[in-house]
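All remarks here apply to the structure that follows.
Residue numbers (our numbering): 12 to 218.
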C-alpha cells in the first residue's frame, strides 16, 4: 500500500515505529500536502463570500493549482521512503573484492544523489504554496484567515524539513561540484521561504 493511502492512525504508527522510514522526509511531504489542502479550502470558502467578490477569480485559479500540488506532494511521501530503501540496498551490496567494493561505492553514491533529489523536489514543490497562502491571508474569507496562516506555517515546515534531508545526504556525496550546486540552491530556498512566511504572518491583522 502506498503511504498516501494509509489511514492517519496507521501512518503515525508507522512513523513512530523503530523503522527508519517513513521519517522526516515523508512527514515533510505530508506537511506540504496539508498546506496545499488548506489553501484549497480557504479559496473555496472565499468564493461566493460577501465582501470577497473581487478575489473570486484569483481564488478560482488557486484551487486547481493547490489541488495539483497536494496530489504531487502526497506521491512524494512514498518516493522519499523508496529512495531511502534504495540507499540501504546499495549499502548491503557485497564488498569482499576490490571490484565489489567499487560497484558498491558507485551504487551508494548514485543512491545518495537520488535520495537528495527527492526532498529537494519536495522543497521546491511545497514552496509554490506560499504565494497562495499570502493571497489567501490578504484577500481570502476573513473567517478562514487562520487557516491561511497555518497553510503558510505548514509550507515553511515542509520546505525546511525537506531541505534538512537534502543536507544530510550531501554530507556523504563525493561529487564536489554537485554538492556545491545543491548547497547554493538550499540557501536560496531557505532564505526565500523564511522571508515569505514572515511576510504572511506580518500581513495578518491577528495579534
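Where a beta carbon is used, it is the ideal one built from N, C-alpha and C, also for glycine.
Remember, predicted model here, so these are calculated numbers, not experimental data.
| Would you call the CB atoms of residue 84 and residue 25 closer than 8 Å? | It is not a contact, given that the beta carbons lie outside the stated cut-off.
| task | Pick out the complete alpha helix (DSSP H) segments inside the segment 25–91, 4 residues or longer, and give them in chain order. | result | Runs of the alpha helix (DSSP H) inside the segment 25–91: 35–57.
| task | Check each candidate in 119, 191, 183, 140 and name the one with the smallest Cα separation from residue 82. | result | Distances from the alpha-carbon of residue 82 to those of 119, 191, 183, 140 put 140 closest.
| query | Are there 16 or more other CB atoms within 10 angstroms of the CB of residue 205, so buried, or fewer, so exposed? | reply | Exposed: under 16 other Cβ atoms inside 10 Å.
| request: At 4 residues or longer, and completely inside the segment 90–161: list those alpha helix (DSSP H) runs for me, N to C. | output: Qualifying alpha helix (DSSP H) stretches, in chain order: 109–138, 140–150.
| task | Assuming residue 147 contacts residue 50 (C-beta within less than 8 Å), just tell me the rounded distance between them. | result | The Cβ separation is near 6 Å, so the contact holds.
| Proximity of residue 28 and residue 14 at Cβ, strictly below 8 Å | In terms of Cβ geometry, residue 28 and residue 14 do not form a close pair [threshold 8 Å].
| query | Hey, quick one: how far does the alpha helix (DSSP H) through residue 191 stretch, first residue to last? | reply | Unbroken alpha helix (DSSP H) run through residue 191: 187–214.
| query | Could you give the C-beta distance for residue 126 and residue 180, rounded to a whole number, given that I count them as a contact under 8 Å? | reply | Contact flag correct, Cβ pair sits at about 5 Å.
| message | For residue 21 and residue 145, I'd like the C-alpha separation in whole angstroms. | response | If you draw a straight line from the Cα of residue 21 to the Cα of residue 145, it comes to about 33 Å.
| message | Check whether the segment 187–197 and the segment 116–136 touch, using three or more Cβ-Cβ pairs below 8 Å as the test. | response | Touching, yes, given that three or more Cβ pairs across the two stretches are closer than 8 Å.
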